[in-house]
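Each remark here refers to the structure printed beneath this line.
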Amino acid sequence: MGYNSGITAMQIIIILLLIVILALAGLSCFLFFYYARINKGINVFLEKGNIKDAREVLFDQLSKTKEIELNLQELFNRIGALESASRLTIQKIGVIRFNPFDAMGGNQSFSIAMLDSQNNGFVISSLFTQDGNRVYAKPIINSASEHILSKEEKEAIARAIK
């Protein structure tokens, strides 16, 4: 019997299995290092440091976003209410001092116009005389009054509107 130098089928199968095992081992090493690198990047992103926390972080962010949306809606509602209320508040003021009697003292008398955004409000006039002080108030609607206005009261209204 002679020496057979050929490779048997069993040896070919063993060699192929070794090649497949080495390829799988190499692939496993690649995947392990790739996973470690990805996990390190995720750990930087996540506070708690593992993959299971990603879902918790996502739900926390969704909860915070919903809370912020509710707060914004409440703020918009408050702003609307403040805008409505501010239309009715005194926004314009005009003041003029004057002397109704040329022969007496300084400008002790005055007129003050106080108006809202629609030029509604009132004008108050104070007339100072030797005998005392008199105060008058007149309602103003759309920059005018149903009462007769003095030139000083008209000027105070004009100053308030400007």
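Residue numbers (my numbering): 10 to 171.
Yeah, the Cβ is synthetic: ideal placement off N, Cα and C, and Gly gets one too.
Predicted model only: the values in this text are computed from it and were never measured.
Length of the line joining the Cα atoms of residue i and residue j
| i | j | result |
| --- | --- | --- |
| glutamate 162 | lysine 147 | 9 Å |
| leucine 71 | isoleucine 47 | 24 Å |
| glycine 15 | leucine 26 | 19 Å |
| serine 152 | asparagine 129 | 6 Å |
| glutamate 92 | serine 126 | 11 Å |
| threonine 17 | tyrosine 43 | 39 Å |
| serine 159 | arginine 96 | 27 Å |
| isoleucine 24 | leucine 31 | 10 Å |
| leucine 67 | asparagine 86 | 29 Å |
| arginine 168 | glutamate 76 | 47 Å |
| leucine 124 | asparagine 80 | 34 Å |
Unbroken beta strand (DSSP E) run spanning residue i, endpoints
| i | result |
| --- | --- |
| alanine 167 | Careful: alanine 167 lies outside any beta strand (DSSP E), inside the alpha helix (DSSP H) at 160-170. |
| asparagine 142 | 141-149 |
Bridge-paired residues (DSSP) for residue i
| i | result |
| --- | --- |
| phenylalanine 131 | Met123, Pro148 |
| leucine 136 | Arg143 |
| arginine 106 | Phe119 |
| alanine 153 | Ile150 |
Helix, strand or coil at residue i [DSSP, three-state]
| i | result |
| --- | --- |
| phenylalanine 16 | The question names phenylalanine, yet the displayed sequence has isoleucine at residue 16. Coil at isoleucine 16, not helix or strand. |
- Task: Quick one: which unbroken beta strand (DSSP E) runs of 3-plus residues sit fully inside the segment 70-102? Chain order, please.
- Result: none
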